[in-house]
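Numbering (my numbering), first residue to last: 64 to 202.
Here is the structure we will look at.
Printed below as a string of structure tokens:
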């Protein structure tokens with residue numbers, strides 16, 4: 064569980080008098096100086112898409128496009144193509160301006176989010192003797 068992970072902690076000073084609660088969780092890659100992992104712009108954009116779909120069950124394409132200065136349908140052409148079978152199964156509704164998870168789609172949120180996961184669909188570069196990356200299975 065992430066709650067038990069050693070990096071899922073906050074310094075006591077962040078909970079002192081005069082501090083405030085923030086609903087936004089910062090990514091370690093952006094918070095720890097000298098951390099080897101840094102998020103690329105594409106990682107941040109995809110994080111926003113996946114977070115909105117999984118948390119809000121709805122994504123307004125124009126809002127996200129304006130926030131990141133992208134053409135949503137062009138930028139996510141592959142993801143939208145992967146979404147078509149899920150749309151045919153009634154898990155999502157996608158139109159010109161939005162993507163909405165249906166009631167049935169709530170049961171398959173991970174499958175829907177996986178359409179926009181660049182690392183899941185990237186060619187795997189594995190050195191001899193190394194294991195290929197594994198992802199948890201979904202129904």
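The beta-carbon is built from N, C-alpha and C at its ideal position, and this holds for glycine as well.
query	result
Proximity of residue 171 and residue 154 at Cβ, strictly below 7 Å	yes
Neighbour flag for residue 174 against chain B, beta carbons, 7 Å	The structure shown contains no chain B; it is built from a single protein chain.
Start-end ranges of the alpha helix (DSSP H) lying completely within the region 124-185, minimum 4 residues	124-131, 135-138, 140-151, 172-177, 181-184
Residues near residue 141 by beta carbon distance below 8 Å, same chain, minus five either side	184
Closest by C-alpha distance to residue 166, when choosing among 181, 116, 130, 107	116
Contact set for residue 123: own chain, Cβ-Cβ below 6 Å, skip 5 residues either direction	161
Continuous alpha helix (DSSP H) stretch holding residue 79: start and end	Note, residue 79: premise wrong, no alpha helix (DSSP H); not H, not E.
Residue 150 beta carbon less than 7 Å from that of residue 157	yes
8 Å Cβ shell around residue 203 - same chain, five flanking residues per side excluded	Outside the shown range of the chain (64 to 202) lies residue 203, about which nothing can therefore be said.
Outcome for residue 169 when other beta-carbon atoms lying within 10 angstroms are tallied against a minimum of 16	exposed
Backbone secondary structure at residue 87 - three-state DSSP	Summary for residue 87: the model assigns pLDDT 47, below 50, so the residue's position carries little reliability, and this model does not support an answer.
The ligand SAM heavy atom lying under 6 Å from the CB of residue 136	With respect to the ligand SAM, the structure offers nothing, as it holds no ligand at all.
DSSP three-state assignment for residue 102, whether helix, strand or coil	coil
Closest residue to residue 133 among 112, 173, 176, 191 (Cα-Cα distance)	112
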